[in-house]
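Chemist: Here it is, the structure, as C-alpha cells.
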Amino acid sequence: MRRIALSIIVGFLGACSDSSSPPVDQTPERYYVANKGSSAISAFAVGDTGNVAPDLTISGTNTTLDQPEGIVADPAGVVITTSLNPARIVVFAANAVGDVPPIAAIVGNNTRLSEPAGLALDQAGRLFVADRASDSILVFANGARGNVPPGAAIGGSNTLLSAPEGIAIDLHGKVYVTSGLGDAILVFGASATGNAQPIDTIGGPNTGLDKPMGIAVDPGGRIYVANYGTTIVNNSSVTVFAAGAHGNATPIAVIKGDSTGLDQPVGIALDAAGKIYVANSADLNNRITVYAHTASGNVAPLATIAGNNAGLSVPSHLSF
C-alpha cells in the first residue's frame, strides 16, 4: 500500500472543495517517526495504540543516523531523514529495517547543509530542507545525491526566516515554514528563491502560536501547527488555521489542555482520513497522540502510543 509523505500529503490527494472536510484516500499502512534521542527511525501501523512495539525500526552504526529530526516518505515508501555530525540527508529503501546502510546520502560542503530540521517533498519530487542554523530553505533536485549544491535556496533578511523548523507544501506548491524563534508561519511562492519576501505571514497574539515546530496542510488548505510551548508553563498545543489565513488570525480550532496528552510537541502529520498525529518530545512523556480531524479544546486523544515497548526517544518529526 502506498505511503503519503507528511509534508506532501496534499500533493498526492485530490483537491477538496470544502476546507472543513477531511482528506479522502487510501489509508496508509504505517507512519515513520524520527527519534532524535536514540538516533533511530521507527514505524507504527495506523490504528496502533498503547504500549505497542513498532512495526519496524531502523537503527545501528551502519545506518549513519545521528539525532535525526526531519523525516519524509515518498509515495513508493522510500524514507528520507536528516542526520548530524556531519550534517546530511540520508535515504533508506522502502521497508528497510534494522542496522542497514542508507541507499543514498546528500552530504558535503557544496550542499550548504548545517543543521537540517524539517523536510518536505513537492509534487515534482524536489526535497525542501528547513536548515535551522543557516536560517534558510534548501531545495534539492529529485534524485540529488552526494556532495551536490542545492538547486535553489531561500534565505536572507527579506525572508524573515529565523531558525526554521517545520515545512509543508500545499496543492499549489506554496511553501509553509514555521519560524522557531519568531512565533510565526511564513508562506513562500512555489518559485521563490534567494532573498525573497514571504507572500504571506501568520503571526501575532491572536494566533496562539508558541514556539511553532511541525506544520501540515490538508487538501482544503487548512494549516495545522504543533506548538512546543514555553518551558515555564505548559502551553503545548495544536492550532488549526483556515485556508488563506494571514496576519494576526485567530485559529479555527485549538487542541490544548491537560486531557490532550500534548507535551512539547514537535512533529505533526495527517493521515488519509484527516486524523491528526502529533509527536510529543518531553523527556518523561515521549508519545504519539492522535486526534480526530474535528478535534478542538481540551479533548482526549483517540489513541496514544507510549511505553517501553514503543521505544520512542525524543520523537521529532513524523511522516506517512
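Plus 1101 on top of the position in the sequence shown (first one is 1) and you've got our numbering. Note that beta-carbon positions come from the ideal geometry of N, C-alpha and C, so glycine has one too. These numbers come from a predicted model, not from an experiment.
#1: So, residue 1253 versus residue 1207, is the Cβ gap smaller than 8 Å?
#2: Note down, one range per segment and in chain order, each alpha helix (DSSP H) of at least 4 residues found wholly within the segment 1271-1316.
#3: When you compare only the Cα positions, how much space is there between residue 1356 and residue 1137?
#4: If you draw a straight line from the alpha carbon of residue 1373 to that of residue 1391, how long is it in whole angstroms?
#5: Checking 8 Å against the spacing of the C-beta atoms, do residue 1399 and residue 1351 come in under that value?
#6: Which value, in whole angstroms, describes the spacing of the CA atoms of residue 1203 and residue 1194?
#7: To the nearest angstrom, report how far apart residue 1407 and residue 1296 are at their CA atoms.
#8: Among the candidates 1410, 1415 and 1381, whose CA atom is the shortest distance from the CA of residue 1402?
#9: Tell me whether residue 1140 sits in a helix, a strand or coil according to DSSP, three-state version.
#10: On the CB-based measure, 16 or more other CB atoms within 10 Å of its CB, does residue 1251 come out buried or exposed?
#11: So, for residue 1162: in the same chain, excluding its five sequence neighbours on each side, which residues have a beta-carbon less than 7 Å away from its beta-carbon?
#12: Using the Cα positions of residue 1160 and residue 1234, report the straight-line distance between them to the nearest angstrom.
#13: Since residue 1349 contacts residue 1304 with CB under 8 Å, what's their CB separation in whole angstroms?
#14: What does a CB cutoff of less than 7 Å around residue 1435 pick up in its chain, not counting 5 residues either side in sequence?
#15: Starting from residue 1416 and walking both ways along the beta strand (DSSP E), at which residues does that stretch end?
#16: How many Å lie between residue 1237 and residue 1231 at the Cα?
#17: Does residue 1109 come out as helix, strand or coil in the three-state DSSP assignment?
#18: Taking the Cβ atom as the reference point for each residue, do residue 1378 and residue 1324 lie within a distance shorter than 8 Å?
#19: According to DSSP, is residue 1215 helix, strand or coil?
#20: Taking just the CA atoms, how far does residue 1387 sit from residue 1088?
#21: Enumerate, from N- to C-terminal direction, the unbroken beta strand (DSSP E) stretches of 3 or more residues contained entirely within the segment 1141-1167.
#22: Compute the distance between the beta-carbons of residue 1265 and residue 1314, then report whether it is under 8 Å.
#23: In chain order, what residues of the same chain have a beta carbon less than 7 Å from the beta carbon of residue 1128, not counting five sequence neighbours either side?
#24: Please report how far the alpha carbon of residue 1261 lies from the alpha carbon of residue 1280, in whole angstroms.
Modeler: Working from what's here:
#1: Here residue 1253 refers to the residue found at position 152 of the sequence shown. Here residue 1207 refers to the residue found at position 106 of the sequence shown. No, the Cβ-Cβ distance between residue 1253 and residue 1207 is not below 8 Å.
#2: none
#3: Against the sequence shown, residue 1356 aligns to sequence position 255. Against the sequence shown, residue 1137 aligns to sequence position 36. One C-alpha to the other measures close to 25 Å.
#4: In the sequence shown, the residue the question calls residue 1373 occupies position 272. In the sequence shown, the residue the question calls residue 1391 occupies position 290. Using only the alpha carbons, I get a separation of about 13 Å.
#5: As a first step, residue 1399 must be located in the sequence shown, where it is residue number 298. As a first step, residue 1351 must be located in the sequence shown, where it is residue number 250. Cβ atoms of residue 1399 and residue 1351: not closer than 8 Å.
#6: Here residue 1203 refers to the residue found at position 102 of the sequence shown. Here residue 1194 refers to the residue found at position 93 of the sequence shown. About 7 Å.
#7: The residue given as residue 1407 occupies position 306 in the sequence shown. The residue given as residue 1296 occupies position 195 in the sequence shown. Distance between the alpha carbons of residue 1407 and residue 1296 is about 42 Å.
#8: Residue mapping note: residue 1402 aligns to position 301 of the sequence shown, counting from 1. Closest by C-alpha distance to residue 1402, out of 1410, 1415 and 1381, is 1381.
#9: By one-based count along the sequence shown, residue 1140 stands at place 39. In this structure, residue 1140 counts as coil in the three-state DSSP scheme.
#10: Counting from 1 along the sequence shown, the entry for residue 1251 is found at position 150. Residue environment analysis places residue 1251 among the buried positions, since at least 16 neighbouring C-beta atoms fall within 10 angstroms of its C-beta.
#11: Start at 1 with the first residue of the sequence shown, and residue 1162 comes out as number 61. The residues are 1200.
#12: Indexing the sequence shown from 1 puts residue 1160 at position 59. Indexing the sequence shown from 1 puts residue 1234 at position 133. One C-alpha to the other measures close to 26 Å.
#13: Counting from 1 along the sequence shown, the entry for residue 1349 is found at position 248. Counting from 1 along the sequence shown, the entry for residue 1304 is found at position 203. Yes, residue 1349 and residue 1304 are in contact; Cβ-Cβ is about 7 Å, under 8 Å.
#14: The structure shown does not extend to residue 1435, since the chain is modelled only from 1102 to 1421, so the question has no answer here.
#15: Position 315 of the sequence shown, counted from the start, is the residue given in the question as residue 1416. Where residue 1416 is concerned, the enclosing beta strand (DSSP E) stretches over 1416-1420.
#16: Position 136 of the sequence shown, counted from the start, is the residue given in the question as residue 1237. Position 130 of the sequence shown, counted from the start, is the residue given in the question as residue 1231. Going from the Cα of residue 1237 to the Cα of residue 1231 covers about 6 Å.
#17: Along the sequence shown, read from residue 1 onward, the residue named residue 1109 stands at position 8. Interpretation of residue 1109 is limited by its pLDDT of 37, a score under 50 that renders its predicted location unreliable; no figure is taken from the coordinates.
#18: Looking up residue 1378 in the sequence shown gives position 277. Looking up residue 1324 in the sequence shown gives position 223. Against a cut-off of 8 Å, the Cβ pair of residue 1324 and residue 1378 comes out as no contact.
#19: Residue 1215 sits at position 114 when you count from the first residue of the sequence shown. Coil.
#20: This structure does not reach residue 1088, given that the chain is present from 1102 up to 1421, and the question cannot be answered.
#21: 1141-1146 and 1157-1159
#22: On the sequence shown, position 164 is the one that residue 1265 refers to. On the sequence shown, position 213 is the one that residue 1314 refers to. Using a Cβ distance threshold of 8 Å, residue 1265 and residue 1314 do not count as a contacting pair.
#23: Locating residue 1128 in the sequence shown gives position 27, counting from the first residue. The pLDDT assigned to residue 1128 is 44, lower than 50, so where the model puts this residue is not dependable; a value taken from the coordinates is nonetheless given after this. 1147, 1372, 1373 and 1374.
#24: Here residue 1261 is taken as the residue at index 160 of the sequence shown, counted from 1. Here residue 1280 is taken as the residue at index 179 of the sequence shown, counted from 1. For residue 1261 and residue 1280, the distance between alpha carbons rounds to 8 Å.
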